[in-house]
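Scroll down for the structure; my scribbles are underneath it.
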Amino acid sequence: MTTRTAMDASSDTHIRILFEMTGEMLCVATMDGEVLLLNPAWERIVGYTPAEIMSRPFSASLHADDVEPFRMAFRGLRAGLPLRGHIARFEHRDGSSRWLHWEAMPHSGLVYALARDVTDEIESSERVGRLQIALRRNAATLGGTLSHAEAMLRDLRTLHGSIIASLQTPTLKAPEATANEVAA
C-alpha cells in the first residue's frame, strides 16, 4: 500500500476525528432541510443531543422571530448560494436562547454548515448599548442641572452686585432740625 493510498483510506477517519473534536457546531443537511449529521458540540452549546435535535423539525428549535429569515437563507442555499454571517437564535434546553452565527455551503445536493455561538458577544454589545443610552440620558440630566445651577449662580452674582453697590453708595443724611423746627 502506498502512502497516498493509506492517506486516502484514512481520510474518512481524519475527517471524523476533526468533526468530533471541533468546538464549532457542524451540520450536514439535505436541501430539504433534513438534518443528517451533527457533531457533539451541539450538545455542549445548546444542551440537546444531536439525536434529539434531529428527531424534530429544525425550525422548531429556532426563535419564532428567526424562523422565516432562516427559511429565506436556506432558499439561497438551494439556489446554490453560500450563506455567510447569518445570525439566528436557537433554543437551549434550559429555555434560554443561544445566538448562532451561521456559515453554510451547498455541495452535491447537501448543505454543509458551521454554526458558532456568539451569544456572549451579542449580549455584551447589547449591554454596551444600554450603558451608552443611560450615559447619554445622565449627561442630558446633568447638562440640565448644570444649566440651572449656572442660572442660579448668575442670579446670585447679580444680587451680590446689587448688595455691594448699595453698601458702597453714600447714604444721604437728613438735615439736622433747627430749634425752631423742633418747637413747631
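Heads up, the sequence shown is in my numbering, so the first residue is 15 and it goes up one at a time. For each residue, glycine too, the CB sits at the ideal point set by N, CA and C. Predicted model, so just to flag it, every value in this text is computed and none were measured.
request  = Could you tell me whether the region 61 to 72 touches the region 106 to 113, using the rule of 3 or more Cβ pairs below 8 angstroms?
outcome  = Two segments are said to touch when three or more pairs of C-beta atoms, one from each, lie closer than 8 angstroms; by this definition the region 61 to 72 touches the region 106 to 113.
query = Taking DSSP as the reference, what is the three-state secondary structure of T44?
reply = Within the sequence shown, the letter at position 30 stands for residue 44. T44 falls in the strand class under three-state DSSP.
task = Work out the CA separation of L76 and A102 for me, nearest whole Å.
result = Position 88 of the sequence shown, counting from 1, holds the residue named residue 102. Position 62 of the sequence shown, counting from 1, holds the residue named residue 76. Per the coordinates, the alpha-carbon of A102 lies some 7 angstroms from the alpha-carbon of L76.
key: Buried or exposed (CB count within 10 angstroms, at least 16 for buried), D131   = The count along the sequence shown starts at 1 and reaches residue 131 at position 117. Classification for D131: buried.
inquiry  = Check whether the region 37 to 44 and the region 121 to 138 are in contact - that is, three or more C-beta pairs closer than 8 angstroms.
reply    = Per the Cβ contact rule, the region 37 to 44 is in contact with the region 121 to 138 (3 or more Cβ pairs under 8 angstroms).
message = Restricting to runs no shorter than 3 residues, where is the beta strand (DSSP E) found entirely within the region 106 to 178?
response = Taken in chain order, the unbroken stretches of beta strand (DSSP E) that lie wholly in the region 106 to 178 and span 3 residues or more are 111 to 121, 124 to 131.
key: Sufficient close CB pairs (3 or more, under 8 angstroms) joining the region 69 to 84 to the region 94 to 108   = At 8 angstroms Cβ cutoff, the stretches touch.
query = What does V60 pair with, by DSSP beta-bridge criteria?
reply = Position 46 of the sequence shown, counted from the first residue, corresponds to residue 60. Bridge partners of V60: none, in fact.
key: Cross-strand partners of A74 (DSSP beta bridge)   = Reading the sequence shown from its first residue, position 60 is the one you call residue 74. DSSP lists no partner for A74.
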